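Step one of this worksheet: look at the structure below.
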Amino acid sequence: MAERVRRIFVEKKAAYAVEAGFLLKEFREFLGVEGLEEVRVIHRYDIEGITKEVYEKAKKTIFAELPVDVLYEEEFPIPENYHLVAIESLPGQYDQRADMAGQTLQLLTGGKRPEVRYAKLVLLAGDISREEYLKIKSYCINPLESREASLDIPATLKLEERYPEDVNSIENFNEMTPEELETVHNELGLAMSLEDLLFIQTYFQGEKRNPTLTEIRVLDTYWSDHCRHTTFLTELVDIEIRDGFYSPVLEKVYERYLESRDYVYGGGGKNSDKGQNDTGKPSSCVTLMDLATIGMKELKKKGLLDDLDESEEINACSIKIKVEVDGKEEDWLLMFKNETHNHPTEMEPFGGAATCLGGAIRDPLSGRAYVYQAMRVSGSGDPRTPIEKTMEGKLPQRKISTGAALGYSTYGNQIGIAAGQVAEIYHDNFQAKRLECGAVIAAAPAENVVRKSPEPGDLVIL
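If you want our numbering, it's the position in the sequence shown, counting the first as 1, plus 304.
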């Protein structure tokens, strides 16, 4: 029979407390808390849904390694003269430690997966002012992904399930003036532009009904730059190449681009509306997306892409190659994919960089290929910049760089992919917008890749 919520604390012995030593150096040197003398890191787990027998097995195998860890059960009294920063993930935020612990417990029991919650306790000792303590606390807790953890043991770890209420429509949406729509735009905190909202109003006027709040939120998500690449699809009307060291090269490349457009779009040119490009815009529209893809279009039109494997699945580029296996030549598909997670990594460094690599892995993996190797190229401001000079509304460059490096390597190590190239470029311009780019290369025997299109009657399993 499963029992109550159990709490366990785990701390590395002094000789193995690498994280605590790193934080001590970080807080003293980067945050300037010179009076700090000691940092201790305690990992706290709350577990529900296991018997006493399972708990006794798990505490010394799953949660702690006795040669290097100190184990505390149920209570961990905070020593006098220590300041405490208790951190836990926001509800709904993926917590890797809790997830791994829950999965491992399930393997141990062979039954239903227990509930696990995790929090990190950071203890600080030394001559620390109130302002310095709050400075450390603010540095440790990124409000977009974490919060201060309660010290109380909860009665249950199960999330309370509530029956969802009916989703309300936005009353009189179709009759609103632009000024009223702007008020709605601001109240909802929408990422889309006011022009987008006006376009949506025109659509629902044709539908003769008001949109629900859910519909507006979904459109706001799917029309975001992350999903729709609005920046890359923005029409570039007035292009100026300023004088500088690279000006001649840029001018030559741009002229070559215009020549390629004329060829690809059959005389589309920069002042013609003939045809459309694959962004859905007239071929006269110059966009960064068109600039990125025009080379492949020209090669294809010239018949030079015979080795390109084309299908409805367009996420990972697939090339037909010959591979010698055990002395015999086989048909294989070579796939490569890159992913950028600039803004997510800037906001949530660990998760943003981890899912940057994960997103690149996902596409060839879903294309039935085995991913062999990865590459990471990132751009950062100077991570040595004092925290006082951090741009308003941004995380410190040091926190982004170190957190992103940990996120990328954690994901890559867990899935077992070698990174053949890792490079971070430092430049002041990356303070405004970070660069986080991951790329992978994959391959599979061609006979293993079967592609089909969905048809009426097919089942969709959620």
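We put the beta carbon where it would ideally sit given N, CA and C, even for glycine.
Quick caveat: nothing in here was measured; it's all calculated off a predicted structure.
Open item on the list: Could you compute how far the alpha carbon of A429 sits from the alpha carbon of Y386?
Closed with: Whole-angstrom Cα-Cα distance: 5 Å.
Task: Bridge-paired residues (DSSP) for F313 - done: R348, Y376
Task: Contacting residues, own chain, Cβ-Cβ under 7 Å from D524 (five flanking each side not counted) - done: L494, A495, M496
- [ ] Quick one: give me the first and last residue of the alpha helix (DSSP H) that G711 is part of.
- [x] 701-719
Open item on the list: Classify I382: buried if its beta carbon has 16 or more other beta carbons within 10 angstroms, exposed otherwise.
Closed with: exposed
Open item on the list: Looking at K641: is its Cβ nearer than 8 Å to the Cβ of P668?
Closed with: yes
Task: Sequence-distant residues of its chain with Cβ nearer than 8 Å to K574 (five each side left out) - done: Unreliable positioning characterises K574 in this predicted model, as indicated by a pLDDT of 43, which lies under 50. The coordinate reading is nonetheless provided below. Excluding sequence neighbours, K574 sits near L562, R565, S588, V590.
Task: For E643, the first and last residue of its enclosing beta strand (DSSP E) - done: Here the beta strand (DSSP E) through E643 covers 632-644.
Open item on the list: Just list the residues that DSSP pairs T516 with in beta bridges.
Closed with: The bridge partners DSSP lists for T516 are S473.
Task: beta-carbon E479 near the ligand MG non-hydrogen atom, thresh 7 Å - done: You won't find the ligand MG in this model; it holds no ligand whatsoever.
- [ ] Please go through the same chain and pick out, in chain order, the residues whose beta-carbon is closer than 8 Å to the beta-carbon of G724, but skip the five residues on each side of it.
- [x] Q677, A678, M679
Task: Alpha-carbon spacing of A459 relative to P395, whole angstroms - done: 17 Å
- [ ] Identify, in the order they occur along the chain, each residue of the same chain with its Cβ nearer than 6 Å to the Cβ of F331, setting aside the five sequence neighbours on each side.
- [x] V337, L340, I440
Task: Pair within 8 Å by beta-carbon distance, V314 and I351 - done: no
TODO: Have a look at L554 and T714 and give me their C-alpha separation to the nearest angstrom.
DONE: 38 Å
TODO: Starting from the Cα of I432, find the closest Cα among E634, Y569, L335 and give me that residue.
DONE: L335
Open item on the list: Can you check which of these residues, Y398, E643, D542, is closest to A657 by C-alpha distance?
Closed with: The shortest Cα separation from A657 among Y398, E643, D542 belongs to E643.
Open item on the list: So, with DSSP's three-state summary, where would you put R308?
Closed with: coil
Open item on the list: Quick check on E435: buried or exposed, where buried means 16 or more other Cβ atoms within 10 Å of its Cβ?
Closed with: exposed
Open item on the list: I want to know whether the stretch 648-664 touches the stretch 621-639 - three or more CB-CB distances under 8 Å.
Closed with: No, they do not touch.
Task: L833 versus P687, L517, P700, residue with shortest Cα-Cα distance - done: Residue 833 is absent from the structure shown; the chain starts at 305 and stops at 766.
TODO: Use the C-beta contact count for N581: other C-beta atoms within 10 angstroms, 16 or more gives buried, fewer gives exposed.
DONE: Because the pLDDT at N581 is just 46, under 50, the model does not fix this residue reliably, and the value given afterwards should be weighed accordingly. Burial call: buried.
Open item on the list: Would Y674 and A748 qualify as a contact pair, given that the criterion is a beta-carbon distance under 8 Å?
Closed with: For Y674 and A748, yes; Cβs fall inside 8 Å.
TODO: Could you tell me if L699 is buried or exposed, where buried requires 16 or more neighbouring beta carbons within 10 angstroms of its beta carbon?
DONE: buried
TODO: Put V568 into one of helix, strand or coil per three-state DSSP.
DONE: Three-state result, V568: helix.
Open item on the list: Rounded to the nearest angstrom, what separates G599 and G570 at their Cα positions?
Closed with: 15 Å
Open item on the list: I312 and E392 - do their beta-carbons sit closer together than 8 Å?
Closed with: no
- [ ] Quick one: using the 10 Å Cβ neighbour count with 16 as the cut-off for buried, is V764 buried or exposed?
- [x] It counts as exposed.
Open item on the list: Just to confirm the assignment, what range does the alpha helix (DSSP H) spanning L443 have?
Closed with: First, the residue type needs correcting, since residue 443 is Tyr and not Leu in the sequence shown. Residues 434-444.
TODO: Specify, as a first and last residue, the run of the alpha helix (DSSP H) that D395 falls within.
DONE: Going by the sequence as given, residue 395 is Pro instead of Asp. Careful: P395 lies outside any alpha helix (DSSP H) and carries neither H nor E.
- [ ] Kindly identify the DSSP beta-bridge partner or partners of E751.
- [x] Looking at the DSSP assignment, E751 forms no beta bridge with any residue, so it has no partner.
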